[in-house]
Ligand code: ADP
């Protein structure tokens with residue numbers, strides 16, 4: 002089978018690593034010839050994934066296409082789908098998720114619990130919603146990694162609001178942020194990974210890392226899993242999805258957003274679960290049985306982020322020290338240049354005991370730095 006991936010970042014790279022085990026010829030469409038996926042695919046096409054012609058020309062001789070980012074040209078994918086190219090997930094599902102307004106309306110009409118919201122199209126319309134605050138304003142399209150999200154606690158925050166089409170969503174008193182990866186094949190069979198939880202440590206002023214399986218009472222986990230199943234069944238699409246959710250102070254569960262693709266909250270599944278999220282997506286695309294999502298050991302993911310103050314060729318300080326740790330696995334994404342905040346790689350650390358696991362994750366966090374010879 003000839004399968005294309007739109008986007009050539011680290012998610013594409015890890016998908017390609019898993020593809021190497023299967024009888025599949027891989028194609029990447031991406032503007033940056035030095036992207037993390039460029040040297041691991043069979044065929045690389047330089048091109049813009051948001052451009053109709055680039056996506057259509059890339060896809061017309063392929064059997065199937067998947068995405069590693071939502072900001073793709075959906076019209077080209079729809080035309081390809083009509084002409085018989087399989088798209089994972091299908092274009093109807095991508096359309097729902099791609100736009101936050103449509104996504105929120107989808108949750109509402111399918112009875113999937115997600116914070117109450119109103120749609121705004123201008124600053125004027127936001128100002129008319131003062132009684133709806135505190136709320137979180139989210140731009141409908143083009144936001145990522147927290148860009149395009151503003152917390153509006155009261156009138157004084159209104160200047161931070163977006164004038165483009167957005168959703169204004171009730172602020173949730175979050176107790177835990179969790180994420181869950183769910184896979185569905187063409188026959189509608191589903192496979193669920195254990196939920197993961199984000200660990201925040203404001204006291205030590207440390208950045209987040211993620212632990213999986215999440216430590217939640219069974220009662221909440223059942224609700225979380227039931228919501229995820231309901232959600233993919235309503236999307237009516239084969240594929241792999243990451244559902245981000247909040248557990249609030251009253252233990253109620255709310256869907257924040259869904260990603261229609263492999264996701265950074267599932268990196269640990271490469272080592273810590275029998276079948277990784279990347280392997281799972283190939284099983285779906287190539288029409289093989291779904292894999293086993295059971296965890297092998299509890300795991301933490303520590304993102305390797307470009308240190309503030311450094312721009313230039315990346316130097317990974319502390320890597321040897323990290324590799325001395327039992328069950329620490331290094332993933333460097335192959336980006337030559339570091340810059341502040343850039344995702345350069347991740348470490349997965351596994352340990353049977355949660356206390357040891359978080360201790361080791363914190364230690365790794367403090368040991369590893371991405372710098373360069375030039376200070377910015
Ligand atoms: P992005 O897709 O850019 O990561 P999210 O929608 O996940 O944006 O929002 C980023 C962060 O903002 C979330 O991880 C959460 O901490 C916070 N947030 C988002 N929506 C809400 C909400 N309704 N109530 C409280 N906090 C929220």
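In this note's numbering, the protein residues as written are 2 to 377.
Every residue, glycine too, gets a C-beta built ideally from N, C-alpha and C.
What you are looking at is a predicted structure, and each value in this text was computed from that prediction instead of being measured.
Quick one: grab the DSSP three-state call for residue 322. helix
Would you call the region 322 to 335 and the region 345 to 355 touching, i.e. three or more CB-CB distances under 8 angstroms? With the rule of 3 Cβ pairs closer than 8 angstroms, the region 322 to 335 counts as touching the region 345 to 355.
So if DSSP puts residue 266 in a beta bridge, which residue, or which two residues, is it bridged to? Looking at the DSSP output, residue 266 bridges to nothing.
Alpha-carbon spacing of residue 341 relative to residue 375, whole angstroms: 12 angstroms
I'd like the list of long-range same chain contacts for residue 380, defined as Cβ closer than 8 angstroms, with 5 residues on each side in sequence excluded. Residue 380 lies beyond the stretch modelled for the chain, which goes from 2 to 377, so this question has no answer here.
DSSP three-state assignment for residue 54, whether helix, strand or coil: helix
Helix or strand or just coil, what does DSSP make of residue 206? Reliability of the predicted coordinates at residue 206 is poor, the pLDDT of 46 falling under 50, and the value obtained from them is presented with this limitation in mind. Of the three classes helix, strand and coil, the one that applies to residue 206 here is coil, per DSSP.
What does the Cβ neighbour count give for residue 386, buried or exposed, with the cut at 16 atoms within 10 Å? Because the chain is modelled from 2 through 377, residue 386 falls outside the range shown and cannot be assessed.
DSSP on residue 163, reduced to helix/strand/coil? If DSSP states are grouped into helix, strand and coil, residue 163 belongs with coil.
Start and end of the beta strand (DSSP E) containing residue 363? First-last for residue 363: 355 to 368, but that is the alpha helix (DSSP H), not the beta strand (DSSP E).
Measure the alpha-carbon distance for residue 362 versus residue 308 and round it to whole angstroms. 18 angstroms
Would you check if the distance between the CB atom of residue 31 and the CB atom of residue 9 is smaller than 7 angstroms? yes
I'd like to check one pair, residue 137 with residue 170: are the Cβ atoms closer than 7 angstroms? yes
Please determine whether the Cβ atom of residue 125 lies at a distance below 6 angstroms from any heavy atom of the ligand ADP. no
Taking the beta strand (DSSP E) that residue 334 belongs to, which residues open and close that run? Note, residue 334: premise wrong, no beta strand (DSSP E); not H, not E.
What separation, rounded to the nearest whole angstrom, lies between the Cα atoms of residue 148 and residue 164? 15 angstroms
Only counting the same chain, and skipping five residues up and downstream in sequence, which positions put a Cβ closer than 7 angstroms to that of residue 134? 153, 154, 155
Take residue 276 and list the residues in its own chain whose beta-carbon comes closer than 7 angstroms to its own, dropping the five residues that flank it on each side. 292, 293, 294
8 angstroms CB neighbourhood of residue 206 in its chain, flanking five on each side removed: Reliability fails at residue 206, whose pLDDT of 46 lies under 50, so the model's placement of it is uncertain and no value is given.
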